[in-house]
Amino acid sequence: MAVTYRDWLLDDSPSSRLQAGLGRSYRVSMALARNPLAVAGALIILTLILMAAFAPWIAPYSATGQDLTNRLMPPSAQHWMGTDELGRDIFSRIIHGSRITLMIVTMVALISAPIGLVVGAVSGYFGGSTDRIMMGLTDIFLSMPKLILALAFVAALGPGIENAIIAIAITAWPVYARIARAETMTFRDAEFIAAVQLQGASSTRIILRHVLPLCASSTIVRVTLDMAGIILTAAGLGFLGLGAQPPLPEWGAMISRGRNFILDQWWVATMPGFAIILVSLGFCFLGDGLRDVLDPKQENKQ
Amino acid sequence: MKQPAILLEELNISYGPTRIVHGVDLAIDEGESFALVGESGSGKTTILKAIAGLAPDWTGTISVLGRRRGHRPDRAFARDCQMVFQDPYGSLHPRKTVDDCLSEPLLVHGLKERDRRVKDALDAVGLDQRFRFRYPHQLSGGQRQRVAIARALMLTPKVMLLDEPTSALDVSVQAEILNLLKKLRREQGLTYMMVTHNLPVVSFLCDRLAVMRHGRIVEVADVSDLKSGTLEHSYSRELFIASGGEPAA
């Protein structure tokens with residue numbers, strides 16, 4: 001049965017739109033599965049997602065419940081990663097913190113990638129003065145250091161996760177706009193675009209249905225690679241006290257609290273730091289693997 | 303008097319500051335198959351692009367089926383006149399299946415019975431139904447060109463602009479595509495305006511031809527003149543001899 005299912009997916013003359021689409025996704029995921037680093041990255045991210053989804057069932061203790069008699073306990077059988085200055089179990093806090101991390105990453109990607117894609121594609125497709133104005137704007141955003149710009153926005157909007165997300169998203173889109181524009185320029189004079197123009201399709205339709213799908217894969221790769229940076233920026237904002245506010249178990253904020261005890265109780269700052277590194281690494285690996293698979297230049301070889 | 307399918311009057315076309323085509327006058331009758339021949343850079347493709355609306359920088363008059371043509375592609379024009387491009391590898395969207403590619407013009411114009419029309423179009427260009435959901439990279443050059451021709455036929459245009467439709471293909475595949483074009487023209491009563499530098503293709507498929515050089519038409523002749531080697535202009539004769547024809551005594 002499994003064999004016939006696979007044959008159906010790899011059939012080189014699919015009999016429906018669905019089969020053709022599924023077959024293509026299947027080929028991409030098979031290529032991804034042959035790349036060990038990408039698999040490692042995907043596993044890390046899958047673990048993160050499962051951790052976030054089932055946090056209350058996995059975590060042995062509450063994320064916010066204080067136990068002042070057990071403050072700053074080193075890692076042990078009861079508290080796998082020790083406890084912090086208020087006696088909270090660090091392991092449980094990291095598990096609950098994965099929800100916040102995941103939310104920040106997804107929200108930033110969902111806000112900034114579409115904005116960047118559309119700005120870049122419109123700019124590249126129309127060219128001329130549209131291009132100059134939109135790319136000028138993009139360059140202004142691009143020229144400002146990410147963390148500083150995010151800091152300025154949070155300072156203006158007030159601290160908190162939502163504002164941190166907005167601030168990071170505002171600083172993340174210009175890169176995607178640049179990529180999408182560069183990609184669009186390479187094929188905007190191509191004959192397959194000219195052919196849809198001749199059919200009388202509107203510019204909106206051409207950009208949404210013909211230009212964007214071709215920019216999407218390089219942007220997906222770039223977003224995945226940027227996830228690590230987004231997590232670090234969020235952690236940085238948390239560390240500076242401008243991101244998630246206590247008692248939320250945000251990883252950056254946890255490191256910031258642990259800083260006071262870093263010499264004597266190393267685990268308080270190290271454990272969340274470890275989590276940040278691991279997740280960042282996971283996204284980097286997956287992004288690298290995706291780049292190998294989705295790169296249009298590689299595609300013909302499959 | 304019968305109105306011409308394509309009428310060009312005093313047509314000048316420029317790309318930026320350079321003028322490519324100078325004062326071209328041409329009338330192509332309905333149902334006729336007309337060839338524009340000439341060396342590379344003589345402006346023949348540019349004329350096709352201007353008619354299609356892809357080279358907007360022109361002065362003069364372009365009328366298709368009696369209607370004056372604007373400078374940009376538009377929806378009404380799309381149903382009268384379509385174009386087949388030279389390179390079948392560049393004219394199909396790499397991420398869209400044959401089905402998507404053929405359905406798109408129907409969606410743009412809100413035409414019903416898409417399923418049947420796509421099937422009919424595949425039949426018309428001699429492609430098996432099993433190709434319907436393949437991506438372009440799963441097709442050969444000749445199959446791709448058939449898809450491109452099918453796409454141009456989706457809106458049932460009366461006039462087809464053909465930009466060297468066979469020059470990117472193998473010789474054996476060229477013959478198949480030429481036969482297909484001939485059959486389609488007979489079945490659907492199409493008017494062809496074709497750009498090529500291949501004179502045998504002209505004598506196989508066309509009724510009349512215009513020879514172009516440096517952006518000007520030097521001679522308009524009947525295809526019988528080409529076959530008998532009695533072209534008048536010295537440049538036309540040169541072209542004829544260069545493509546292996548025997549000069550008439």
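Residue numbers (the numbering used here), protein chains in the order written: chain A, 1 to 302; chain B, 303 to 551. Ideal Cβ placement from N, Cα and C applies to all residues, glycine included. As the structure is a computational prediction, the values presented were derived from the model and not from experiment.
Discussion item. Do ALA42(A) and GLY289(A) have their beta-carbon atoms positioned less than 9 angstroms apart in this structure?
Written reply: yes
Worksheet item: Could you give the residue range of the alpha helix (DSSP H) that holds HIS96(A)?
Response: 90-126
Worksheet item: How is the beta strand (DSSP E) around GLN384(B) delimited, first residue to last?
Response: Note, GLN384(B): beta strand (DSSP E), 383-386.
Item to complete: Within 10 angstroms of the Cβ of TRP360(B), are there 16 or more other Cβ atoms? Answer buried if so, exposed if not.
Response: Sixteen is the threshold: when 16 or more other Cβ atoms of the shown chains lie within 10 Å of the Cβ of TRP360(B), as they do, the residue is buried.
Fill in: Helix, strand or coil at SER335(B) according to DSSP, with G and I counted as helix
strand
Item to complete: Give a yes or no on whether 9 angstroms exceeds the smallest Cβ distance from LEU290(A) to chain B.
Response: So no, LEU290(A) is outside the interface.
Worksheet item: So LEU394(B) packs on VAL420(B), CB below 8 angstroms; how close in whole Å?
Response: Not really, about 15 angstroms apart at Cβ, beyond 8 angstroms.
Worksheet entry | Proximity to GLY127(A) [Cα-Cα], best of PRO145(A), ASN35(A), ALA180(A) | Of PRO145(A), ASN35(A), ALA180(A), the residue nearest in Cα terms is ALA180(A).
Fill in: Candidates ALA113(A), SER218(A), ILE133(A), MET103(A): closest to ILE165(A) by CA position
MET103(A)
Worksheet item: Does DSSP classify ASP465(B) as helix, strand or coil?
Response: DSSP, reduced to helix, strand and coil, places ASP465(B) within a strand of the structure shown.
Practice prompt. Using only alpha-carbon positions, find the residue among LYS146(A), LEU237(A), GLU250(A), GLY97(A) that is nearest to VAL175(A).
Written response: LYS146(A)
Discussion item. Counting beta carbon pairs with one atom in the region 181-200 of chain A and one in the region 376-388 of chain B, are three or more of them shorter than 8 angstroms?
Written reply: yes
Discussion item. Taking a contact to mean a Cβ-Cβ separation below 9 angstroms, would you say MET254(A) touches ARG71(A) in this structure?
Written reply: no
Item to complete: Please state whether DSSP places TYR5(A) in a helix, a strand or coil.
Response: Residue state for TYR5(A) is assigned as helix, using DSSP reduced to three classes.
Fill in: Supposed close pair GLY392(B), GLY517(B) - CB separation, criterion 8 angstroms
Cβ-Cβ separation between GLY392(B) and GLY517(B): approximately 25 angstroms, too far for a contact (criterion under 8 angstroms).
Worksheet item: Cα-Cα, which of LYS398(B), PRO390(B), VAL323(B) is closest to ARG24(A)?
Response: LYS398(B)
Worksheet item: MET495(B) lies in the beta strand (DSSP E); which residues open and close that run?
Response: Unbroken beta strand (DSSP E) run through MET495(B): 493-498.
Worksheet item: Exposed or buried, which one is MET144(A) when buried takes at least 16 other CB atoms within 10 Å?
Response: exposed
Worksheet item: By DSSP, does SER62(A) sit in helix, in strand, or in coil?
Response: coil
Item to complete: Answer with buried or exposed for ILE133(A), where buried requires no fewer than 16 other C-beta atoms within 10 angstroms of its C-beta.
Response: exposed
Item to complete: Can you grab the Cα-Cα spacing for the pair LEU367(B) / ILE543(B), in whole Å?
Response: 35 angstroms
Worksheet item: Going by alpha carbons, who is nearest to PHE187(A) out of MET107(A), TYR5(A), ALA121(A)?
Response: ALA121(A)
Worksheet item: So is ASP401(B) in contact with chain A if we call contact Cβ pairs under 9 angstroms?
Response: By the rule that beta-carbons nearer than 9 angstroms mark a contact, ASP401(B) touches chain A.
Worksheet item: Relative to the C-alpha of LEU533(B), which residue among PRO390(B), VAL339(B), LEU464(B), GLN431(B) is closest?
Response: VAL339(B)
Worksheet item: Enumerated in chain order, which unbroken segments of the alpha helix (DSSP H) with a length of 4 residues or greater are wholly contained in the region 121-200 of chain A?
Response: 128-143, 146-157, 161-187, 191-198
Worksheet item: Can you find a C-beta in chain A that's less than 9 angstroms from the C-beta of SER335(B)?
Response: no
Worksheet entry | Under 8 angstroms by beta carbon: chain B residues contacting LEU198(A) | ALA354, GLY355, LEU356, PRO375, ALA380, GLN384, MET385
Practice prompt. Determine whether the Cβ of HIS395(B) lies closer than 9 angstroms to any Cβ atom of chain A.
Written response: yes
Worksheet item: Counting along the chain, where does the alpha helix (DSSP H) carrying SER526(B) start and finish?
Response: 525-530
Practice prompt. Closer than 8 angstroms, Cβ to Cβ, to anything on chain B: give me those residues from the region 7-39 of chain A, in chain order.
Written response: ASP12, SER13, PRO14, SER15, SER16, ARG17, GLN19, ALA20, ARG24
Discussion item. Considering only DSSP beta bridges, list what ASP360(B) is partnered with.
Written reply: The amino acid at residue 360(B) is misidentified as Asp; the sequence shows Trp. According to DSSP, TRP360(B) bridges with ILE315(B).
Discussion item. Between the alpha carbons of PHE433(B) and SER256(A), how many angstroms are there, rounded?
Written reply: 60 angstroms
Worksheet item: Mind listing which residues of the region 211-226 of chain A have their C-beta closer than 8 angstroms to chain B's C-betas, in chain order?
Response: PRO213, LEU214
Fill in: Interfacial residues, the region 400-420 of chain B to chain A, with Cβ spacing under 9 angstroms
Hits within the stretch, in order: ASP401, ASP402, CYS403, GLU406, PRO407, LEU409, VAL410, HIS411.
Worksheet item: Would you say PHE336(B) and ALA450(B) are within 9 angstroms of each other, going by their C-beta atoms?
Response: no
Worksheet item: Cα separation between VAL400(B) and GLY21(A)?
Response: 12 angstroms
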